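Visitor: Sharing a structure here in structure tokens format.
Protein chains: 2
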Amino acid sequence: MSLQNSRSKADQTPGFGHMAKPETSFLSNRRPVHELIADSLRLTIMAGHHLPGERLNQEELASFYGVSRMPVREALLKLQGEELVVYSPRRGFAVAELTVEEVEDIFSIRIMLEGLATRLAIPHMTVQRLERIAENLQRQQEFGHDTDVRLELNREFHGLIYEAAKRPRLVALTTNLRNIVEAYSRIYTSAEGRAKATLREHARIFEACQHGDAEVGERLAKEHLQNIVGVLVPELHRSTVTKDGEQDSAAEKELAFADAD
Amino acid sequence: MSLQNSRSKADQTPGFGHMAKPETSFLSNRRPVHELIADSLRLTIMAGHHLPGERLNQEELASFYGVSRMPVREALLKLQGEELVVYSPRRGFAVAELTVEEVEDIFSIRIMLEGLATRLAIPHMTVQRLERIAENLQRQQEFGHDTDVRLELNREFHGLIYEAAKRPRLVALTTNLRNIVEAYSRIYTSAEGRAKATLREHARIFEACQHGDAEVGERLAKEHLQNIVGVLVPELHRSTVTKDGEQDSAAEKELAFADAD
DNA sequence: TCCGCTAAAATCGTATCCAATATCCAAAAT
DNA sequence: ATTTTGGATATTGGATACGATTTTAGCGGA
């Protein structure tokens, strides 16, 4: 399991604007414990530290975080709303498990929404934003060896673009959809040569942003995601379907995830 | 506040398939209390019985439902994940309040997603499903006078179509987006002559389903939603912006919602 | 191997308690 | 008359303890 995590970049409380709090070291923070736990759990699930299907024992989590069960339950409920965990009465919570079809489903939605977001964003590009994106691309080249860092930079890259669209709901949705499939995307990012291809595709999207060409940007963004599905889906099929067409055991699934890291 | 509500048609627990429970009269049900409360609150918010921005007092809700505060808080957390309520630390929960821009944002997403869902659904239409849709249309003509019933039938109509697309995630997303703007849609549905226009548009979408014409169906579904925004957005502007360009007070907003019912 | 039974564990909810923080209203000051 | 301040009150966030119910796991036997 992950260590205590205090970075709240992934903070997506949709409601009131209440920020500018001096961030402290986890349990001494002003934010409610259930939010900190929700954020931490979200990140560990996205990072694949909790495997899909894994049961989430409330007592265990409570003692791990050093809190009572109540804020843990609250955090889990919130994550249920985000569809990162599933809930079954009297059986509790488990990390959401996606079929290959659901992954495809979600990606096809992402293709539409992120294509739209890119197209809407490009006309609003400022010099400052382009600089920040360029700097992100630089870091992608430098530090893209570690999967965790690469995915983090990836989120930031697309986030910087989509933000410019000035469509908070659209951005929130794409973020959520990305979160849901993030654990599965790790399989893709470790695939042969895809890291380099991703970098190339990002660079071309950036060029479209520079040139202000919204149509091209949209097309490239869509193709980018399409390429990911194209590699990811066969890989998922390969790692979750045995010769007799049955699902893998949890152990084999764990293996598939382990070698993706 | 609304009475205790036991219809769980809008039940959209995304996780495990755990249905087929004999529905009883609210608190004597087997389902966890926090789920029942979440469902009830979701419906009352969608019905506009809790106005946007209204604070949701936990103690009050607990005593209203005759339970302790814990399941109420859990229900609120879940609804926060669905973006039907917003949360602010130490201040609690309030019904989510959308700006006109956010309503437009959400509708433009709905147009894409529901257009896609309609197109994908039409090739999978069965005779049984077409019959059910036809029967729904019949009821729309008969019982469409009451806004609540009309919106319920509306949900069912589109739900029946989208279901056929066999894309559970896509359907779940459209359902959620619809839920979020439902309270605001009430303003639209009460607008002059829109009820009849909606019926006509539904009938034409149904014809496209019958003829198996996916492209036409998609176009009609999109136009249908576009027509709704076209009426709704000016109406929202009219009812939330004063002559000097400032926001209305809560009292005036309540009025605007009241005459929409 | 496959049942069926029992024991252990986990969930769900109540009740109660307390600290921290908002909220509200009245008094004071500008 | 409006704004500011102060303090009482209400509400939230969380701990803790307890009980009821339900899963789950283990184990012995056919």
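First to last, the sequence lines map onto chains A and B.
With my numbering applied, the first sequence corresponds to residues 1 to 261, in that order.
With my numbering applied, the second sequence corresponds to residues 1 to 261, in that order.
C-beta: ideal position from N, C-alpha, C; glycine also.
Treat the numbers as computed from the prediction; the structure is a model and nothing was measured.
In this structure, how does DSSP classify A:L56 when only helix, strand and coil are distinguished?
Guide: Counted from its first residue, the first sequence places residue 56 of chain A at position 56. Three-state result, A:L56: strand.
Visitor: Here's the rule: buried if 16 or more other CB atoms are within 10 angstroms of the residue's CB, otherwise exposed. What is A:N57?
Guide: Against the first sequence, residue 57 of chain A aligns to sequence position 57. The residue is exposed, with fewer than 16 neighbouring Cβ atoms inside 10 Å.
Visitor: Just checking, does the region 202 to 215 of chain B make contact with the region 116 to 125 of chain B on the three C-beta pairs under 8 angstroms criterion?
Guide: yes
Visitor: Have a look at B:I111, B:E101, B:L177 and B:Q80 and flag the residue whose alpha-carbon is nearest the alpha-carbon of B:E218.
Guide: Walking along the second sequence from the start, residue 218 of chain B turns up at place 218. Out of B:I111, B:E101, B:L177 and B:Q80, B:I111 has the C-alpha closest to the C-alpha of B:E218.
Visitor: Cα separation between A:D148 and A:E135?
Guide: By one-based count along the first sequence, residue 148 of chain A stands at place 148. By one-based count along the first sequence, residue 135 of chain A stands at place 135. A:D148 and A:E135: Cα-Cα distance of roughly 18 angstroms.
Visitor: How about B:P123: is its C-beta nearer than 8 angstroms to some C-beta of chain A?
Guide: Within the second sequence, numbered from 1, the residue matching residue 123 of chain B stands at position 123. No, because no Cβ of chain A sits closer than 8 angstroms to the Cβ of B:P123.
Visitor: Quick one: residues in its chain with C-beta nearer than 6 angstroms to the C-beta of A:V86, no 5 flanking neighbours on either side, listed in chain order?
Guide: Reading the first sequence from its first residue, position 86 is the one you call residue 86 of chain A. Answer for A:V86: A94 and A96, listed in chain order.
Visitor: Comparing the C-beta of B:E218 with each C-beta of chain A, is any distance below 8 angstroms?
Guide: On the second sequence, residue 218 of chain B is found 218 positions in, with the first residue counted as 1. It does not: the Cβ of B:E218 has no partner Cβ on chain A nearer than 8 angstroms.
Visitor: Give a yes or no on whether 8 angstroms exceeds the smallest Cβ distance from B:D113 to chain A.
Guide: As a working mapping, residue 113 of chain B is identified with position 113 in the second sequence. Per the sequence shown, the amino acid found at residue 113 of chain B is Leu instead of Asp. Yes, B:L113 counts as interfacial toward chain A.
Visitor: When we look at the beta-carbon of A:S185 and count the other beta-carbons within 10 Å, is it buried (16 or more) or exposed?
Guide: By 1-based counting over the first sequence, the position of residue 185 of chain A is 185. It is buried - the Cβ of A:S185 has at least 16 other Cβ atoms within 10 Å.
Visitor: Can you list the residues of chain A that B:K78 reaches, using a CB-CB cut of under 8 angstroms?
Guide: Position 78 of the second sequence holds residue 78 of chain B. Neighbours of B:K78 on chain A, chain order: L77, K78, Q80 and G81.
Visitor: Does B:T24 come out as helix, strand or coil in the three-state DSSP assignment?
Guide: Counting from 1 along the second sequence, the entry for residue 24 of chain B is found at position 24. Confidence at B:T24 is low in this model, with a pLDDT of 32, below 50, so its placement is unreliable and no value can be given for it.
Visitor: DSSP three-state call for B:V67: helix, strand or coil?
Guide: Counting from one through the second sequence, the residue named residue 67 of chain B turns up at place 67. Note: B:V67 maps to coil in three-state DSSP.
Visitor: Applying the criterion that 16 or more other CB atoms from any shown protein chain within 10 Å of the CB defines a buried residue, is B:R293 buried or exposed?
Guide: Residue numbering for chain B in the displayed model covers 1 to 261; residue 293 of chain B lies beyond these limits and cannot be assessed.
Visitor: Can A:L61 and A:V72 be called in contact, C-beta distance under 8 angstroms?
Guide: The residue you call residue 61 of chain A lines up with position 61 of the first sequence. The residue you call residue 72 of chain A lines up with position 72 of the first sequence. Contact flag set, yes.
Visitor: Would you please verify whether the beta carbon of A:E54 is less than 8 angstroms from any beta carbon of chain B?
Guide: By 1-based counting over the first sequence, the position of residue 54 of chain A is 54. False, the Cβ-Cβ gap to chain B never drops below 8 angstroms.
Visitor: Return the CA-CA distance between A:E142 and B:V171, expressed in angstroms with no decimal places.
Guide: For the purposes of this step, residue 142 of chain A is taken as the residue at position 142 of the first sequence. For the purposes of this step, residue 171 of chain B is taken as the residue at position 171 of the second sequence. Computed Cα separation, rounded: 40 angstroms.
Visitor: Use the C-beta contact count for A:F157: other C-beta atoms within 10 angstroms, 16 or more gives buried, fewer gives exposed.
Guide: For this step, residue 157 of chain A is matched to residue 157 along the first sequence. Note on A:F157: 16 or more other CB atoms within 10 angstroms of its CB, so buried under the neighbour-count rule.
Visitor: Unbroken alpha helix (DSSP H) runs of length 4 or more, entirely within the region 181 to 252 of chain A: which are they?
Guide: 194 to 211 and 214 to 240
Visitor: Please go through the region 81 to 141 of chain B and give each complete alpha helix (DSSP H) segment of 4 or more residues, from N-terminal end onward.
Guide: 100 to 121
Visitor: Any beta-carbon of chain B closer than 8 angstroms to the one on A:L236?
Guide: If you number the first sequence from 1, residue 236 of chain A lands on position 236. No, A:L236 lies away from the interface with chain B (no Cβ there is under 8 angstroms from its Cβ).
Visitor: Report yes if the CB atom of B:Y162 is closer than 8 angstroms to the CB atom of B:T174, and no otherwise.
Guide: Here residue 162 of chain B corresponds to residue number 162 of the second sequence, with the count starting at 1. Here residue 174 of chain B corresponds to residue number 174 of the second sequence, with the count starting at 1. Going by C-beta atoms, B:Y162 is nearer than 8 angstroms to B:T174.
Visitor: Check whether the Cβ of B:P168 lies closer than 8 angstroms to any Cβ atom in chain A.
Guide: Reading the second sequence from its first residue, position 168 is the one you call residue 168 of chain B. Answer yes: the Cβ-Cβ gap between B:P168 and chain A drops below 8 angstroms somewhere.
Visitor: Report buried or exposed for B:R30, applying the criterion of at least 16 other Cβ atoms within 10 angstroms of its Cβ.
Guide: Numbered from its first residue, the second sequence carries residue 30 of chain B at position 30. Classification for B:R30: exposed.
Visitor: Starting from A:G159, trace the alpha helix (DSSP H) in both directions and tell me its first and last residue.
Guide: As a working mapping, residue 159 of chain A is identified with position 159 in the first sequence. Its alpha helix (DSSP H) spans residues T147 to E163.
Visitor: Report the CB separation of A:A221 from A:T118 in whole angstroms; it is logged as a contact under 8 angstroms.
Guide: Here residue 221 of chain A refers to the residue found at position 221 of the first sequence. Here residue 118 of chain A refers to the residue found at position 118 of the first sequence. Right, the Cβ-Cβ distance comes to about 4 angstroms (below 8 angstroms), so this counts as a contact.
Visitor: Could you tell me if B:L140 is buried or exposed, where buried requires 16 or more neighbouring beta carbons within 10 angstroms of its beta carbon?
Guide: By 1-based counting over the second sequence, the position of residue 140 of chain B is 140. Going by the sequence as given, residue 140 of chain B is Gln instead of Leu. Result: buried.
Visitor: Taking a contact to mean a Cβ-Cβ separation below 8 angstroms, would you say A:I45 touches A:Y65 in this structure?
Guide: As a working note, residue 45 of chain A is residue 45 in the first sequence. As a working note, residue 65 of chain A is residue 65 in the first sequence. Their beta carbons are not under 8 angstroms apart, which means A:I45 does not touch A:Y65 by this criterion.
Visitor: Which value, in whole angstroms, describes the spacing of the CA atoms of A:I228 and B:L51?
Guide: Translated into the one-based positions of the first sequence, residue 228 of chain A becomes position 228. Translated into the one-based positions of the second sequence, residue 51 of chain B becomes position 51. Approximately 43 angstroms between the Cα atoms of the pair.
Visitor: Can you find a CB in chain A that lies within less than 8 angstroms of the CB of B:L160?
Guide: Here residue 160 of chain B corresponds to residue number 160 of the second sequence, with the count starting at 1. No, B:L160 does not count as interfacial toward chain A.
Visitor: Under 8 angstroms, do A:G92 and A:R150 count as touching if we go by C-beta distance?
Guide: As a working note, residue 92 of chain A is residue 92 in the first sequence. As a working note, residue 150 of chain A is residue 150 in the first sequence. Against a cut-off of 8 angstroms, the Cβ pair of A:R150 and A:G92 comes out as no contact.
Visitor: Hey, how far is the Cα of A:L232 from the Cα of A:V181?
Guide: Numbered from its first residue, the first sequence carries residue 232 of chain A at position 232. Numbered from its first residue, the first sequence carries residue 181 of chain A at position 181. C-alpha separation (whole angstroms): 11 angstroms.
Visitor: Round the Cβ separation of A:H34 and A:E83 to the nearest angstrom and send it over; I've been treating them as touching at under 8 angstroms.
Guide: Numbered from 1 along the first sequence, position 34 holds the residue referred to as residue 34 of chain A. Numbered from 1 along the first sequence, position 83 holds the residue referred to as residue 83 of chain A. Not confirmed; about 18 angstroms, so no contact.
Visitor: Would you mind working out which of B:N179, B:E131 and B:R200 sits nearest B:G144, comparing C-alpha positions?
Guide: Residue mapping note: residue 144 of chain B aligns to position 144 of the second sequence, counting from 1. Answer by Cα proximity: B:R200.
Visitor: Grouping DSSP H, G and I as helix and E and B as strand, with all else coil, what is A:P168?
Guide: The residue labelled residue 168 of chain A in the question sits at position 168 within the first sequence. Three-state DSSP puts A:P168 in a helix.
Visitor: Of all the residues that make up the region 55 to 74 of chain A, which are near chain B by a beta-carbon distance shorter than 8 angstroms?
Guide: Residues M70, R73 and E74.
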